[in-house]
Amino acid sequence: MTDAIPNTAIRRTLGYPRVSTREQEIAGVSLDAQAEKIRNYCRLHALPEPVLFPEVESGGEENEANRKKVAALLADVRRGDMVLVTDIDRFGRDVVFIVKNVRQIMRKGAVFVAIDKGFDSRSPMAEDTLANWAVGAEQERRRIKERTEGGRKHLRGQGYFVEGKPPFGYERQPKPKGTKTPLPLRVVPEHAAVVRRMFALSLEGYSVFEIAKRLRQEYGDIKAFGRAWVVVALRNRVYTGRIAKTAVRPKATRSVVQLPAEWVPAHEAIIDDETFNNVQLALRGRRRGRKPQADSATANHLLRGICRCAECGGSVAAIPRAIRSRALVGYYVCRGHVEQKEKGVRCKSATWLRQPDADAAAAEQFLTFARSLLTSLTRPPRRVEKPDFAGQRREIKTSRQRVVEFVAKGLFTVEDVKVELNRLDDALAAIEAKEVEFNETAGNDTVETRKNAHAYVQQIVDEWSVLPMDVQRALIRAFSSKVEATKDKQIRIVWRDPSGISAAHGAQELPALRASPFVAALPAPSAATSMSPIVAALPAPSMLARDYLGSPERAPALVERSRG
136 MTDAIPNTAI
146 RRTLGYPRVS
156 TREQEIAGVS
166 LDAQAEKIRN
176 YCRLHALPEP
186 VLFPEVESGG
196 EENEANRKKV
206 AALLADVRRG
216 DMVLVTDIDR
226 FGRDVVFIVK
236 NVRQIMRKGA
246 VFVAIDKGFD
256 SRSPMAEDTL
266 ANWAVGAEQE
276 RRRIKERTEG
286 GRKHLRGQGY
296 FVEGKPPFGY
306 ERQPKPKGTK
316 TPLPLRVVPE
326 HAAVVRRMFA
336 LSLEGYSVFE
346 IAKRLRQEYG
356 DIKAFGRAWV
366 VVALRNRVYT
376 GRIAKTAVRP
386 KATRSVVQLP
396 AEWVPAHEAI
406 IDDETFNNVQ
416 LALRGRRRGR
426 KPQADSATAN
436 HLLRGICRCA
446 ECGGSVAAIP
456 RAIRSRALVG
466 YYVCRGHVEQ
476 KEKGVRCKSA
486 TWLRQPDADA
496 AAAEQFLTFA
506 RSLLTSLTRP
516 PRRVEKPDFA
526 GQRREIKTSR
536 QRVVEFVAKG
546 LFTVEDVKVE
556 LNRLDDALAA
566 IEAKEVEFNE
576 TAGNDTVETR
586 KNAHAYVQQI
596 VDEWSVLPMD
606 VQRALIRAFS
616 SKVEATKDKQ
626 IRIVWRDPSG
636 ISAAHGAQEL
646 PALRASPFVA
656 ALPAPSAATS
666 MSPIVAALPA
676 PSMLARDYLG
686 SPERAPALVE
696 RSRG
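Reading the sequence shown from the start, the letters are residues 136 to 699 in this note's numbering.
Have a look at this one:
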């Protein structure tokens, strides 16, 4: 607390009027009204003419980095100054911002006054009053945010797009006169043709880089198609005619990784569900900027991209063939063992797994699990009690309230409070994501979905040997929660719960099945030459050689040399 400074000792008064973009037209809240109130206060108390730092900012989340005027004011404050605001919420609604900066002003030997509330930092009750107002401002900001998000969620649930600019291929319909409710998105035919072309190229095996290049060549007069834009567009489920009621990306990121969300029908679809799901499988199986999946040297590696090292948790690399080896045998090895050699920190697991052995073991485990799954899916779904998500949210809000009280009393540093508030925000977001996921699972795991999932799994078991390698790989990924390569050269797979698989099938999240054109064209093997499903699924030696060398002409010579 600073020593009491009489008004006659005040050298300068610094006024800070602030409005949000939504408040500028409200009488009594405008910048001019606040500035006039600050001037009248100075005249009434015989204070110097105020130096004003007016600021207009977007409403919603407090963003100190964007408030240039308040930053200039705080940098300009000196001993003997008085900072004037019309109300405490004009200075800020974020509790950490208010407490930190008011105390900073007081430490500099200046005075802080909120006119409407009669707050004066020279008062003996200033600390207690500041704590109470800060708590109230924080709660009001939360209420405004919840009301705004609640309204947006309600509109999304009715099929209205309220996120800003519509995705390429759609446009907003003009609102009818006299109504504020938006209309569903409308397809732009010439742009929709580009979107369909983009998805078709992805299904044909083109990489994202090549798709962007093709689109620039064919439709360069419409848009400058970049690689990053293509990735986001190919993952955008809005093209299937749906809208998410909740956020689909982590807070404050531009990640393409999506959170669990509730999708509702909203507008005309440009892409059908089967095409969209197949493109997602293609994107997951294809590394950006590399060869398309079908032409890759490791296209026949079943565990490529889905296996982790049980020793260090790192990804397991698929190696086309052993280094300095003439054998046409691929391997799996932990990337932490190969790539960290130069850094001196290598994974303790030095195991090289032969690709045929590892793939055969994984395929056998999958078929065993699939057969057991057929039995599980004949049982009715078990009744699962819904967790008390509302109670968990209340606990988070109570913890946040305690943090606010502690910082107001000076028991926590500002840095500690920011870390704790961010942790609580993350915990609250995790609870909301779990609730959405639970609601989707509980709603989709029904007797009917189990019946349909049973037929789906039965088809997988019957047709496993003729399914393409990318489909087999996608099935193992979709049915498992963890695939690991152990130090003793074993493949360990943790499978999902039958209820989760049933729900995923009901939500159309499982891979679409399609037969391999290569295997389908072959004559059926005779009884004397019949092969196991695992062996039948492996490509012929000439195909292996072509995959590794990229030249069918060199394949016979390499096969003959390897036999020698």
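Note that CB positions come from ideal geometry on N, CA and C, so glycine has one too.
Per DSSP, cross-strand counterpart(s) of residue i
i    : result
V218 : L149 and F247
K617 : V629
P400 : R377
Y305 : V322
R506 : The partner list for R506 (beta bridge, DSSP) is empty, contrary to what the question assumes.
R489 : Y466
I454 : Y466
S155 : E192
V186 : L149
R443 : S450 and E619
F254 : A249
Neighbourhood of residue i by C-beta, 7 Å cutoff - its chain only, sequence neighbours within 5 removed
i    : result
R585 : L512, P516 and S637
A181 : N142
R238 : none
P301 : R307 and L320
T433 : R439, A453, P455 and G465
P633 : L508, S511 and L512
N236 : L209
H640 : T584, N587, A588 and Y591
Beta-carbon proximity of residue i to residue j, cut-off 8 Å
i    : j    : result
T77  : K624 : Look at the range of the chain in this structure, 136 to 699, and you will see that residue 77 is not part of it.
G465 : C444 : no
I626 : Q500 : yes
M178 : E192 : Residue identity differs from the one stated: residue 178 is Arg in this sequence, not Met. In this structure, E192 does not lie closer than 8 Å to R178 by Cβ.
Q170 : P189 : The amino acid at residue 170 is misidentified as Gln; the sequence shows Ala. Yes. Within cutoff.
P185 : G150 : yes
V218 : V212 : yes
V329 : V365 : no
Y374 : G304 : yes
D494 : L437 : yes
F504 : F573 : no
I250 : T221 : yes
Whole-angstrom distance between residue j and residue i, CA atom to CA atom
i    : j    : result
L166 : P152 : 6 Å
G127 : S616 : An answer regarding residue 127 cannot be provided, because it is not within the stretch 136 to 699 covered by the chain.
T621 : Y467 : 11 Å
A452 : V234 : 51 Å
E196 : E644 : Residue placement at E196 is poorly supported in this model, since its pLDDT is 48, which falls under 50; the coordinates are not used for a value here.
V367 : A525 : 33 Å
L209 : D408 : 55 Å
V552 : D560 : 12 Å
R528 : A562 : 9 Å
A379 : A496 : 39 Å
V629 : P603 : 23 Å
Q593 : A327 : 37 Å
E353 : E520 : 54 Å
H589 : V571 : 25 Å
K532 : V538 : 10 Å
A359 : E345 : 14 Å
A609 : Q490 : 17 Å
L318 : R332 : 27 Å
F541 : F232 : 14 Å
R351 : E325 : 15 Å
L502 : G635 : 18 Å
E160 : N412 : Only weak support exists for where E160 lies, its pLDDT of 49 falling under 50; the value from the coordinates is given anyway. Whole-angstrom Cα-Cα distance: 48 Å.
P311 : R631 : 49 Å
A168 : N175 : 11 Å
P309 : E530 : 43 Å
8 Å CB neighbourhood of residue i in its chain, flanking five on each side removed
i    : result
R506 : V596
G361 : A347
F254 : I223, F247, V248, A261, T264, L265 and W268
I145 : L182, P183, G215, D216, M217 and V246
S534 : L559
Nearest-angstrom Cβ-Cβ length linking residue i and residue j, presumed shorter than 8 Å
i    : j    : result
W398 : R370 : Actually they do not touch by this definition, with Cβ atoms about 13 Å apart.
A417 : L338 : 7 Å
E619 : C442 : 7 Å
I140 : R257 : 6 Å
V606 : P646 : 6 Å
E583 : L648 : With 8 Å as the limit, E583 and L648 do not qualify as a contact, their Cβ atoms being about 20 Å apart.
Cβ-based neighbour list, residue i, same chain, cut-off 6 Å, excluding 5 preceding and 5 following
i    : result
F334 : I406, T410 and V414
I173 : G150, P185 and L219
R225 : R153
H402 : P319, L320 and G376
Check: residue i C-beta below 7 Å from any heavy atom of the ligand SAH
i    : result
V234 : Among the ligands in the structure shown, none appear at all, so the ligand SAH cannot be discussed.
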